[in-house]
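Top line first, the protein sequences correspond to chains A and B.
When you line the first sequence up against our numbering, it's residues 1 to 365, in that order.
When you line the second sequence up against our numbering, it's residues 366 to 459, in that order.
Here a beta-carbon is modelled for each residue, glycine too, at the ideal position from N, C-alpha and C.
These notes concern the structure reproduced below.
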Amino acid sequence: MKYLDEYRDERVARRLAEEIACVATKHWVLMEICGGQTHTIMRYGLDELLPAKVELVHGPGCPVCVTPLETIDQAVALALRQNVILVSYGDMLRVPGSNSDLLRAKAQGADVRMAYSPIEAVKIAKSNPDRDVVFLAIGFETTAPANAMLAWEAKREGLKNLSLLVSHVLVPPAIRALLTLPENRVQGFIAPGHVCTVMGYQEYEDLVRDFHVPIVVGGFEPIDLLQSVLMLVSQLERGESRVENQYVRSVSHQGNPAAQRILQEVFEVADQKWRGVGAIPSSGLRLRDEYAAYDAERIFNLELLSAEEPGECISSQILRGLKKPTDCPAFASRCTPENPLGAPMVSAEGACAAYYRYRRHSVAG
Amino acid sequence: MCLAIPGKVLDANEQNGLRIARVQFGGIVRPVRLDFVPEAAVGDYVIVHVGFAISKVDEAEATRTFELLRELGTLEDEFSTDSQEPPASGGNLQ
Chain A
1 MKYLDEYRDE
11 RVARRLAEEI
21 ACVATKHWVL
31 MEICGGQTHT
41 IMRYGLDELL
51 PAKVELVHGP
61 GCPVCVTPLE
71 TIDQAVALAL
81 RQNVILVSYG
91 DMLRVPGSNS
101 DLLRAKAQGA
111 DVRMAYSPIE
121 AVKIAKSNPD
131 RDVVFLAIGF
141 ETTAPANAML
151 AWEAKREGLK
161 NLSLLVSHVL
171 VPPAIRALLT
181 LPENRVQGFI
191 APGHVCTVMG
201 YQEYEDLVRD
211 FHVPIVVGGF
221 EPIDLLQSVL
231 MLVSQLERGE
241 SRVENQYVRS
251 VSHQGNPAAQ
261 RILQEVFEVA
271 DQKWRGVGAI
281 PSSGLRLRDE
291 YAAYDAERIF
301 NLELLSAEEP
311 GECISSQILR
321 GLKKPTDCPA
331 FASRCTPENP
341 LGAPMVSAEG
351 ACAAYYRYRR
361 HSVAG
Chain B
366 MCLAIPGKVL
376 DANEQNGLRI
386 ARVQFGGIVR
396 PVRLDFVPEA
406 AVGDYVIVHV
416 GFAISKVDEA
426 EATRTFELLR
436 ELGTLEDEFS
446 TDSQEPPASG
456 GNLQ
């Protein structure tokens with residue numbers, strides 16, 4: 001496929017890896033933020049192509065993984081209500097809450113439906129006028145405009161039986177939180193190309209100014225990621241810190257103004273809890289008061305539950321780049337995609353699931 | 366759910382005041398909303414996420430970047446003609 005295959009060319013990949021090996025004289029720790037990028041790195045073994053001096057750690061950029069346990073519990077509780085149809089992106093169904101998940105709720109008789117696009121919820125609401133349709137609206141800035149369109153259309157069409165359970169996260173405040181950790185090891189970041197497609201990269205320039213850490217906006221194919229690593233290592237070796245854009249075929253400095261407009265119209269910035277990371281100020285989105293009638297949390301008076309993670313799961317350290325999935329004693333034994341202890345093992349873009357799928361055999365022995 | 370992939374706009378129509386395209390991804394064709402990329406035209410490549418186009422692929426930038434990368438790959442061939450190593454496969458990463 002055009003714009004995919006050419007970015008998987010093995011010869012170019014090997015040449016880029018050699019170039020990185022030539023440029024790197026010191027040990028550098030780099031983090032890719034996005035789970036989609038983690039998946040590509042593991043799938044193509046890019047970390048193994050790189051010289052030992054260049055270490056990749058994996059960031060908190062899987063929205064499925066960082067959706068708070070409490071939100072999953074609320075979604076499960078809603079789904080189990082008699083009159084509710086709970087609509088969600090497919091990867092959310094198996095994410096473990098405190099005691100259950102949406103798939104198990106479905107097995108108990110709850111009406112849980114999977115959607116490829118949030119807009120499908122409009123159709124479901126129209127064909128079920130006597131039922132309450134709730135869309136579990138999660139995601140990063142990439143997904144926020146699409147979820148915002150759902151609220152906007154529900155309002156435009158005057159739908160009374162459609163609402164959103166919102167758990168949105170924003171990338172720049174999370175990078176800021178990671179950089180202020182005393183134990184932070186990360187010296188350069190690959191910023192998520194699709195988040196920046198929507199938002200542009202001005203906010204990342206603020207991070208570079210405040211923390212003097214290089215950031216490269218990167219794409220999602222092997223060549224994109226290797227080129228991003230080369231750009232980061234070159235900056236680090238020269239003692240520079242700038243924002244560079246590797247993913248120029250999709251990302252512009254200002255981002256997508258039409259997508260930003262709808263996002264601003266429907267959502268406002270709010271404090272947000274990240275599963276495995278904790279609360280980060282101003283790192284999430286909530287529906288504006290004008291959209292209160294479409295806010296499931298307000299309509300259904302959902303309890304603010306407080307929940308604890310299973311003790312053995314080390315996802316909090318994995319999502320901050322302090323440990324790797326294979327450092328976890330439960331990895332691939334007590335924690336597998338079939339029986340996940342924590343969210344990074346559930347989503348295909350979670351770091352633990354990516355290691356399990358592509359790397360478990362090399363660590364099994 | 367965070368995936369966004371490039372596809373080719375086959376056609377675009379107005380439906381209920383909304384612009385919806387048919388977009389081809391390899392062998393699959395899906396409806397895609399063009400709310401955020403109103404300038405997308407037939408034949409353009411758009412990057413699609415959860416049923417919405419979020420950008421139009423900048424063909425000039427894509428070509429320019431790729432030519433630079435391609436040069437990297439070719440350069441290696443020119444320098445490695447004396448080496449005993451087998452020739453690079455020229456294939457894609459699997």
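Reference residue 392 of chain B; option with closest CA among A:98, A:1, A:339: A:1
Residues that residue 396 of chain B bridges to, as DSSP identifies them: B:387
Just how far apart, CA to CA, sit residue 204 of chain A and residue 426 of chain B? 21 Å
Does the distance between the C-beta of residue 264 of chain A and the nearest non-hydrogen atom of the ligand ATP fall short of 7 Å? The ligand ATP is not part of the structure shown, which contains no ligands of any sort.
Alpha carbon of residue 102 of chain A to alpha carbon of residue 81 of chain A, nearest angstrom: 12 Å
Where residue 282 of chain A falls, given that 16 or more other Cβ within 10 Å makes a residue buried: exposed
In the DSSP assignment, find the beta strand (DSSP E) that holds residue 211 of chain A and state where it starts and stops. No beta strand (DSSP E) holds residue 211 of chain A; the alpha helix (DSSP H) holding it covers 202-211.
State the DSSP-derived secondary structure class of residue 215 of chain A, mapped to helix, strand or coil. strand
Between residue 85 of chain A and chain B, is the shortest Cβ-Cβ distance under 8 Å, so that the two count as touching? no
Which runs of the beta strand (DSSP E) spanning at least 3 residues fall entirely within the segment 110-182 of chain A, listed in chain order? 111-115, 132-139, 162-169
What residues in its chain sit with their C-beta under 7 Å from that of residue 286 of chain A, if we drop five residues either side in the sequence? 166, 267, 268, 270
State buried or exposed for residue 376 of chain B, treating a residue as buried only when at least 16 other CB atoms are found within 10 Å of its CB. exposed
Which residues in chain A sit within 9 Å of residue 419 of chain B, going by Cβ to Cβ distance? 142, 145, 146, 194, 197, 198, 250, 256, 259
Would the beta-carbon of residue 187 of chain A fall within 8 Å of that of residue 319 of chain A? no
So which residues on chain B does residue 42 of chain A lean against when the C-beta distance must stay under 8 Å? By Cβ distance, chain B contributes nothing, its closest Cβ being about 12 Å from residue 42 of chain A, past 8 Å.
So with CB distances below 9 Å, who are the chain B contacts of residue 155 of chain A? Result: empty, since nearest Cβ-Cβ is about 14 Å, beyond 9 Å.
Proximity winner among A:93, A:57, A:194, relative to residue 184 of chain A (alpha-carbon distances): A:57
For residue 92 of chain A, the three-state DSSP class (helix, strand or coil): helix
Just to confirm the assignment, what range does the alpha helix (DSSP H) spanning residue 106 of chain A have? 102-107
Check the DSSP bridge columns for residue 420 of chain B and list the partner residues they point to. B:412
List the endpoints of the continuous alpha helix (DSSP H) containing residue 281 of chain A. Not the alpha helix (DSSP H): residue 281 of chain A falls in the beta strand (DSSP E), residues 278-287.
7 Å Cβ cut-off: residues of chain A touching residue 387 of chain B: Ordered by position in chain A, no residue passes the 7 Å Cβ test against residue 387 of chain B, which lies about 14 Å from the chain.
Helix, strand or coil: how does DSSP classify residue 223 of chain A here? helix
When you compare only the Cα positions, how much space is there between residue 131 of chain A and residue 125 of chain A? 7 Å
Start-to-end residues for the beta strand (DSSP E) that takes in residue 34 of chain A: 28-34
Roughly how far, in whole angstroms, is the beta-carbon of residue 356 of chain A from the beta-carbon of residue 337 of chain A, given that I think they are within contact range, below 8 Å? 6 Å
Option in A:206, A:5, A:16 with minimal Cα separation from residue 234 of chain A: A:16
From the DSSP output, which residues share a beta bridge with residue 58 of chain A? A:32
The beta strand (DSSP E) spanning residue 77 of chain A covers which residue range? From DSSP, residue 77 of chain A is part of no beta strand (DSSP E) but of the alpha helix (DSSP H) over 69-79.
Here's a check: name, in chain order, each residue in its chain whose Cβ is nearer than 7 Å to the Cβ of residue 4 of chain A, leaving out the five neighbours to either side. 221
Residues in the same chain with beta-carbon distance under 7 Å from residue 224 of chain A, minus the five sequence neighbours each way, listed in chain order, please. 7, 218, 246, 247
Pairs of beta-carbons, one from the segment 397-412 of chain B and one from the segment 153-160 of chain A, closer than 8 Å: are there three or more? no
When the Cα atoms are used, what is the spatial distance from residue 119 of chain A to residue 315 of chain A? 32 Å
Measuring only the C-alpha atoms, how far is residue 348 of chain A from residue 354 of chain A? 6 Å
Decide if residue 9 of chain A is buried, meaning its Cβ has at least 16 other Cβ atoms within 10 Å, or exposed. buried
What is the DSSP secondary structure of residue 454 of chain B, reduced to helix, strand or coil? Unreliable placement is indicated for residue 454 of chain B, whose pLDDT of 46 sits below 50; no coordinate value is reported for it.
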